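Going left to right, the sequence shown walks through residues 140 to 896 as our numbering numbers them.
Every residue, glycine too, gets a C-beta built ideally from N, C-alpha and C.
All values derive from a computational prediction rather than experimental measurement.
Report on one structure; see the data block that follows.
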Amino acid sequence: MAKKKSKQAPGGEGQNAPLDNGSQAHTQPSSTTSTNGGGQKKNYKASKDSSSTSSSQTLIICRNKHWRYISSFHGPWLQMPIEILETIANINYNTPRPRPIDPAVLFDLLKIRRLVDEATNLAVRAASDIASPVLTNVHGGLPGASSMSALGMAGSGHGAKLSRERKFRMREQASQKLGRAYRLDEIACSVATMQGASPIEEIGALVLHRNPQDPDAKYVHFFHEKIPSRQLAESTSLQPLTDIISERPNEGEALRTRAIVKTFKEDYDGAAHDLTLALSVCRIHQQPHRPSEEEMQLQESHRGKRWRQEVIPAEKDQPSSLEGQLLFLRATAYLSLACQHIDAGIPISQEQNGHVVTNNSEESLASEANGRGSPDEDLNSLHKQAEARKLVKTYAKRALRDLLAFMSQFEYAPNLPTSIARDFNDRVNLSAHGARNPRPSETTYSLEPHTTYSLSDLFAAVPPSDLPPYPRKELTKSNEQAQPSDISSTCEWSTYHPLLTDALHSLLLCHCLVQTSAKELQRHTYMVARLVRLSDGYPIFQASRSPARSDWVEVLRCANENWIQLSASWETLCTPAPLPFYYDNLPPKSKLHPGPSRKEAAAAAAAMINGGSAVLSPEAQRRQRMRERDQVIMDALDDERVCDEDTFRAAIEAREKRAEQDRAAAAAAAAANGSTNGAPTTANNSGPKRWAVDDSKEYPVCTARATAIATWVREAPVVTGTTRRKKRPKKAGGKTEALGDSVEKLDLEDAAAPTGP
Numbered sequence: 140m141a142k143k144k145s146k147q148a149p150g151g152e153g154q155n156a157p158l159d160n161g162s163q164a165h166t167q168p169s170s171t172t173s174t175n176g177g178g179q180k181k182n183y184k185a186s187k188d189s190s191s192t193s194s195s196q197t198l199i200i201c202r203n204k205h206w207r208y209i210s211s212f213h214g215p216w217l218q219m220p221i222e223i224l225e226t227i228a229n230i231n232y233n234t235p236r237p238r239p240i241d242p243a244v245l246f247d248l249l250k251i252r253r254l255v256d257e258a259t260n261l262a263v264r265a266a267s268d269i270a271s272p273v274l275t276n277v278h279g280g281l282p283g284a285s286s287m288s289a290l291g292m293a294g295s296g297h298g299a300k301l302s303r304e305r306k307f308r309m310r311e312q313a314s315q316k317l318g319r320a321y322r323l324d325e326i327a328c329s330v331a332t333m334q335g336a337s338p339i340e341e342i343g344a345l346v347l348h349r350n351p352q353d354p355d356a357k358y359v360h361f362f363h364e365k366i367p368s369r370q371l372a373e374s375t376s377l378q379p380l381t382d383i384i385s386e387r388p389n390e391g392e393a394l395r396t397r398a399i400v401k402t403f404k405e406d407y408d409g410a411a412h413d414l415t416l417a418l419s420v421c422r423i424h425q426q427p428h429r430p431s432e433e434e435m436q437l438q439e440s441h442r443g444k445r446w447r448q449e450v451i452p453a454e455k456d457q458p459s460s461l462e463g464q465l466l467f468l469r470a471t472a473y474l475s476l477a478c479q480h481i482d483a484g485i486p487i488s489q490e491q492n493g494h495v496v497t498n499n500s501e502e503s504l505a506s507e508a509n510g511r512g513s514p515d516e517d518l519n520s521l522h523k524q525a526e527a528r529k530l531v532k533t534y535a536k537r538a539l540r541d542l543l544a545f546m547s548q549f550e551y552a553p554n555l556p557t558s559i560a561r562d563f564n565d566r567v568n569l570s571a572h573g574a575r576n577p578r579p580s581e582t583t584y585s586l587e588p589h590t591t592y593s594l595s596d597l598f599a600a601v602p603p604s605d606l607p608p609y610p611r612k613e614l615t616k617s618n619e620q621a622q623p624s625d626i627s628s629t630c631e632w633s634t635y636h637p638l639l640t641d642a643l644h645s646l647l648l649c650h651c652l653v654q655t656s657a658k659e660l661q662r663h664t665y666m667v668a669r670l671v672r673l674s675d676g677y678p679i680f681q682a683s684r685s686p687a688r689s690d691w692v693e694v695l696r697c698a699n700e701n702w703i704q705l706s707a708s709w710e711t712l713c714t715p716a717p718l719p720f721y722y723d724n725l726p727p728k729s730k731l732h733p734g735p736s737r738k739e740a741a742a743a744a745a746a747m748i749n750g751g752s753a754v755l756s757p758e759a760q761r762r763q764r765m766r767e768r769d770q771v772i773m774d775a776l777d778d779e780r781v782c783d784e785d786t787f788r789a790a791i792e793a794r795e796k797r798a799e800q801d802r803a804a805a806a807a808a809a810a811a812n813g814s815t816n817g818a819p820t821t822a823n824n825s826g827p828k829r830w831a832v833d834d835s836k837e838y839p840v841c842t843a844r845a846t847a848i849a850t851w852v853r854e855a856p857v858v859t860g861t862t863r864r865k866k867r868p869k870k871a872g873g874k875t876e877a878l879g880d881s882v883e884k885l886d887l888e889d890a891a892a893p894t895g896p
């Protein structure tokens with residue numbers, strides 16, 4: 140009777156929630172609000188009859204499966220042996236700057252893999268009555284029965300059954316390891332736990348049943364608690380996280396988690412406040428790793444004649460990615476805050492009349508209001524709109540500041556010797572074949588000095604002067620006359636981070652909101668395309684989708700004609716750069732003709748992207764349609780607004796209709812111009828205007844953020860009055876430069892300083 144009574148306790152988010160949800164994780168069909176062990180079917184039937192909109196059973200999944208940017212952390216690191224992952228992390232750390240992958244992220248992934256594997260091993264042993272860890276493999280299962288152990292159905296193994304106290308201690312230790320892993324990076328840890336055995340999902344609930352005040356178990360159970368799918372905001376209470384924060388005030392990770400939940404609840408102001416507090420805690424109590432003198436000597440030696448002995452940093456000396464996570468998350472919160480005020484800042488008269496006022500000063504709007512009826516109400520409305528526009532620009536500047544601070548942690552080289560890139564690839568391949576400490580090749584002993592820049596330097600008011608030209612006009616020319624002597628011995632290279640692509644496109648969205656001039660925005664756009672085409676997570680990460688990139692493409696589609704005047708479509712500009720690994724080892728003839736000429740490849744790509752009139756066989760057309768259909772389905776599945784079968788079908792139909800109309804528009808433009816040269820511009824500009832109107836009639840393909848930013852670009856007046864002039868008496872203060880109209884003047888040291896939302 141006591142157990143049945145505990146199941147009837149309401150409120151599945153407090154400290155008593157672990158027992159409720161842990162015991163019902165696999166049996167509860169629809170809701171977590173009120174359940175009874177013997178009346179689940181009756182309750183489900185009653186809720187089904189009372190709900191006219193729900194046509195299918197609600198899916199119950201772990202809370203951490205709702206986290207954003209999960210796809211950014213997928214990749215081979217989840218499956219490769221831990222020894223190989225550790226070797227690659229050390230190789231990456233000792234590679235000359237810019238390092239191929241951010242060392243902080245890679246070391247965190249290594250620690251997360253090790254902690255999750257150990258916790259899984261303990262959880263499976265406790266569930267299967269296995270005392271010795273020798274009887275379990277690295278993935279937490281019995282030898283020869285990994286598929287059964289993954290389902291929690293493994294046998295008891297050798298020896299007597301474990302005592303209840305022994306099981307609790309093993310689970311308590313597992314929850315401590317998982318808690319540490321989630322504190323390192325909750326997105327990456329969520330991806331790693333999805334690959335583990337099912338007993339790991341119940342660890343937090345089982346420990347809390349015995350010790351309801353365990354902070355590690357509380358934190359772990361918060362991620363593993365089962366809730367209705369796509370209902371995180373409605374099914375999540377902030378109280379467990381608040382309790383953890385009060386118990387551990389010197390740790391900022393729980394503040395980070397609470398901020399993420401607040402973004403799901405659309406409390407972006409509160410999320411920015413929590414992230415600001417977390418940054419303060421991180422800098423005061425959790426000092427980020429700074430390069431030691433030995434590391435600085437190692438980095439300087441890369442510019443010399445010979446390499447020094449490689450450094451394998453101890454775990455306490457490894458860099459941490461926490462500060463970068465907080466900066467990125469706060470930037471997205473500020474960007475969401477800016478987008479929230481767009482609707483209130485767009486003049487109603489312009490929306491109704493369907494045109495944009497050319498004289499966009501605030502004074503002209505006030506004088507226009509004085510000529511209409513009820514001037515007080517009109518002036519009040521215009522002042523509210525002006526204040527909303529100022530908030531849009533202010534929050535967008537704050538987001539830009541955090542994004543630039545986030546990017547300042549990564550580097551770019553315009554002239555990296557290709558031998559360094561090839562050597563990194565060779566050593567990674569050797570490690571995959573069993574080499575524990577592959578040494579660098581002899582060609583890297585004598586290195587030519589190369590320049591490195593912080594990524595934030597590329598977006599300064601005056602960018603570096605030694606960057607290769609981009610976009611290159613010669614890329615569309617034939618390479619038939621290329622000679623081996625013309626092949627460059629250097630290449631462009633940049634550090635990879637799983638969230639960098641989204642940060643780069645978010646930066647462009649922020650520039651749209653701060654109303655950067657079209658010429659300046661074009662420069663930033665080409666710089667983003669340059670970095671995106673270099674972004675490669677090999678051999679740790681796989682390519683992922685970016686919400687900000689999708690929104691940026693939609694903004695380009697919906698914005699005014701000839702707005703930025705890009706030389707090619709965004710897909711063409713972001714085409715991945717060729718890898719320089721083995722190009723020098725190819726025979727001369729293969730160098731001259733490695734495949735289709737660049738002119739032919741460019742023409743084929745243009746025909747695919749712009750819907751060219753290339754003659755295809757019926758079978759080729761069928762395969763192309765199938766590929767397009769698969770892409771439409773993948774895009775619909777990625778849409779966060781898809782929550783049931785009806786919205787899924789509507790999303791597919793809307794995207795198919797858009798693709799069909801885009802093909803028709805591109806074909807008509809090509810026929811009118813007599814060639815495909817003008818097709819990209821016409822297609823990209825005629826389609827957006829059409830869909831900016833049609834999205835309101837059917838299922839909207841554009842997200843709300845993309846639609847709002849595109850509306851801002853088309854219709855928002857120029858915002859003035861957001862620049863704070865510096866006062867002379869306060870010039871000697873610590874923070875003297877305010878946010879100006881030009882975001883490039885922002886001080887990156889000030890960018891990292893915590894400020895209120």
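Alpha carbon to alpha carbon, what distance is there between residue j and residue i?
i    : j    : result
R202 : A398 : 15 Å
A849 : D482 : 11 Å
E837 : A855 : Residue placement at E837 is flagged as unreliable, the pLDDT there being 47, under the threshold of 50; a coordinate-derived value is accordingly withheld.
S191 : T375 : Any answer about S191 is weak, because its pLDDT of 39 lies below 50 and its placement is not dependable; what the coordinates show is given next. Between S191 and T375, the C-alpha separation is close to 24 Å.
I485 : S604 : 39 Å
L539 : L705 : 22 Å
A552 : L317 : 37 Å
I221 : E340 : 22 Å
P588 : R236 : 11 Å
A527 : A313 : 49 Å
A716 : Q661 : 20 Å
H480 : S419 : 27 Å
R303 : A344 : 15 Å
F212 : L371 : 21 Å
A803 : S756 : 19 Å
P686 : A453 : 36 Å
A698 : T842 : 15 Å
P899 : Y635 : Examination of residue 899 is not possible in this model, given that the chain is present from 140 through 896 alone.
L468 : E795 : 33 Å
T640 : R308 : 42 Å
Beta-carbon within less than 6 Å of residue i's beta-carbon, same chain only, minus the 5 sequence neighbours each way: which residues are those?
i    : result
E311 : V346
Q548 : G463
L461 : C421
P637 : S211, F212, F680
Can you list, in chain order, the residues of its chain with a C-beta nearer than 8 Å to that of residue i? Leave out the 5 residues immediately preceding and following it.
i    : result
H663 : F598, L646, L647, H650, T655
Check the DSSP bridge columns for residue i and list the partner residues they point to.
i    : result
A331 : DSSP lists no partner for A331.
S633 : Y551
K796 : Beta-bridge pairing links K796 to no other residue.
P367 : I199
S556 : Before going further, note that residue 556 is Pro rather than Ser in the sequence given. DSSP output for P556 lists T629 as bridge partner(s).
Residues in the same chain with beta-carbon distance under 7 Å from residue i, minus the five sequence neighbours each way, listed in chain order, please.
i    : result
A657 : W702, I703
R319 : L254
P607 : P553, E631
T590 : A552, P553, N554, D605
How about residue i: is its C-beta nearer than 7 Å to some C-beta of chain D?
i    : result
K529 : Absent from the structure: chain D. Only one protein chain is present.
Any 3 or more C-beta pairs closer than 8 Å across the stretch 566-580 and the stretch 625-640: The stretch 566-580, when compared against the stretch 625-640, does not touch it at the 8 Å Cβ threshold.
Stretch-stretch touch, CB-based, cutoff 8 Å, three pairs: the stretch 322-336 with the stretch 407-421: Counting Cβ pairs under 8 Å, fewer than three are found: no touch.
Continuous alpha helix (DSSP H) assignments of at least 4 residues falling wholly in the stretch 191-244: Runs of the alpha helix (DSSP H) inside the stretch 191-244: 221-233.
Segment contact, 8 Å Cβ cut-off, at least three pairs: the stretch 679-698 with the stretch 200-216: A contact between stretches requires three or more CB pairs, one per stretch, nearer than 8 Å, and the stretch 679-698 meets this requirement with the stretch 200-216.
The stretch 448-460 touching the stretch 242-254, judged by at least three CB pairs closer than 8 Å: Counting Cβ pairs under 8 Å, three or more are found: they touch.
Any 3 or more C-beta pairs closer than 8 Å across the stretch 379-394 and the stretch 409-419: Here the stretch 379-394 lies against the stretch 409-419, with 3 or more beta-carbon pairs under 8 Å apart.
Entirely enclosed alpha helix (DSSP H) segments - the stretch 583-612, minimum 4 residues: You should have found no qualifying run.
Within the stretch 353-414, ranges of the beta strand (DSSP E) (whole runs, at least 3 residues): For the stretch 353-414, whole beta strand (DSSP E) runs of length 3 or above, ordered along the chain, are 365-367.
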